[in-house]
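> Heads up: the sequence shown begins at 1 in full-length UniProt numbering, then just goes up one per residue. Pasting in a structure now, in structure tokens, and then I'll have a few things to ask.
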Amino acid sequence: MTITQLNAEIYRSLSTIAEEEGLMKRAAKYLKKLADQKRQEDKASMSKDAFFAKIDHALQQAKQGEGICFDNKEDMNAWLNNL
Numbered sequence: 001m002t003i004t005q006l007n008a009e010i011y012r013s014l015s016t017i018a019e020e021e022g023l024m025k026r027a028a029k030y031l032k033k034l035a036d037q038k039r040q041e042d043k044a045s046m047s048k049d050a051f052f053a054k055i056d057h058a059l060q061q062a063k064q065g066e067g068i069c070f071d072n073k074e075d076m077n078a079w080l081n082n083l
């Protein structure tokens, strides 16, 4: 189904329940929930440029001697567990 067909399907379904306030409230609540989930997904995603900029920044910090080195995995795990 195309986006246009999906939109038409949604509007047809809404017109069927338009006279029922309770059903319209439930539909509105569910659509709001879906929109909120979409906004959260959008916030969580990072652009490719932003991702590589973070990597470049981390590499620059490492070259300047900033950062943490571990001699063994136990030390690393202890540090991570304290975060």
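Glycine residues also receive a C-beta, built at the ideal position from the N, C-alpha and C atoms.
According to DSSP, simplified to helix, strand and coil, what is D71?
As a first step, residue 71 is located in the sequence shown; it is residue number 71 there, counting from the start. Here D71 sits in coil by DSSP.
> Rank K63, F52, Q64, L80 by C-alpha distance to the C-alpha of F70 and give the top, closest one.
Position 70 of the sequence shown, counted from the start, is the residue given in the question as residue 70. It is L80.
> In this structure, how does DSSP classify S15 when only helix, strand and coil are distinguished?
Here residue 15 corresponds to residue number 15 of the sequence shown, with the count starting at 1. Note: S15 maps to helix in three-state DSSP.
> Measure the Cβ-Cβ separation of A27 and L14 and say whether it is below 8 Å.
By 1-based counting over the sequence shown, the position of residue 27 is 27. By 1-based counting over the sequence shown, the position of residue 14 is 14. Closer than 8 Å, so yes.
> Can you tell me whether L59 is helix, strand or coil according to DSSP?
Locating residue 59 in the sequence shown gives position 59, where the first residue counts as 1. L59 falls in the helix class under three-state DSSP.
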